[in-house]
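**Q**
Numbering (this note's numbering), first residue to last: 161 to 272.
(1) Going straight from the alpha carbon of residue 166 to that of residue 255, what length do you get?
(2) Within the continuous alpha helix (DSSP H) that includes residue 258, where are the two ends?
(3) Can you find at least 3 beta carbon pairs, one from the segment 192-211 and one from the segment 167-182, that sit closer than 8 Å?
(4) May I ask you to report which of helix, strand or coil DSSP gives residue 178?
(5) Tell me which residue opens and which closes the alpha helix (DSSP H) that residue 196 is part of.
(6) I think residue 191 touches residue 185, with their Cβ atoms under 8 Å apart; what is that distance to the nearest whole Å?
(7) Rounding to the nearest angstrom, what Cα-Cα distance links residue 244 and residue 164 in this structure?
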């Protein structure tokens, strides 16, 4: 399936009129029939398919080494993302405990 950007580029080149359909197809790596269908208006405009919220994200490309944890993963590394979220939650909890215990000077309290 062609991306909407590629279809727009084909239309732009057709509108300029400097290149033949054959040269546009070769330049952009699509078939001549595709360029012809776009030129004649026979190819419908397909809306990009958006993933549903309940549909899991599929990895793209081969697994690679995460630069942070070194694991062989599909990037971005979910393990590192979860670790960051947990660390942020621990830091917030620690700050809340310190505020409740009065370990911060009054000027550091939020909202004061």
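All residues carry an ideal CB built from backbone N, CA and C; glycine is no exception.
Quick caveat: nothing in here was measured; it's all calculated off a predicted structure.
**A** In short, the structure shows the following:
(1) Counted from its first residue, the chain shown places residue 166 at position 6. Counted from its first residue, the chain shown places residue 255 at position 95. Going from the Cα of residue 166 to the Cα of residue 255 covers about 50 Å.
(2) Walking along the chain shown from the start, residue 258 turns up at place 98. It spans 238-261 - the alpha helix (DSSP H) in which residue 258 sits, taken as one unbroken run.
(3) Contact between the segment 192-211 and the segment 167-182 is present, because at least three Cβ pairs lie under 8 Å.
(4) Here residue 178 refers to the residue found at position 18 when the chain shown is read from its first residue. If DSSP states are grouped into helix, strand and coil, residue 178 belongs with coil.
(5) Position 36 of the chain shown, counted from the first residue, corresponds to residue 196. Its alpha helix (DSSP H) spans residues 192-200.
(6) Within the chain shown, numbered from 1, the residue matching residue 191 stands at position 31. Within the chain shown, numbered from 1, the residue matching residue 185 stands at position 25. Contact annotation, residue 191 with residue 185: C-beta distance approximately 6 Å; criterion of less than 8 Å satisfied.
(7) Taking the first residue of the chain shown as 1, we reach residue 244 at position 84. Taking the first residue of the chain shown as 1, we reach residue 164 at position 4. Between residue 244 and residue 164, the C-alpha separation is close to 35 Å.
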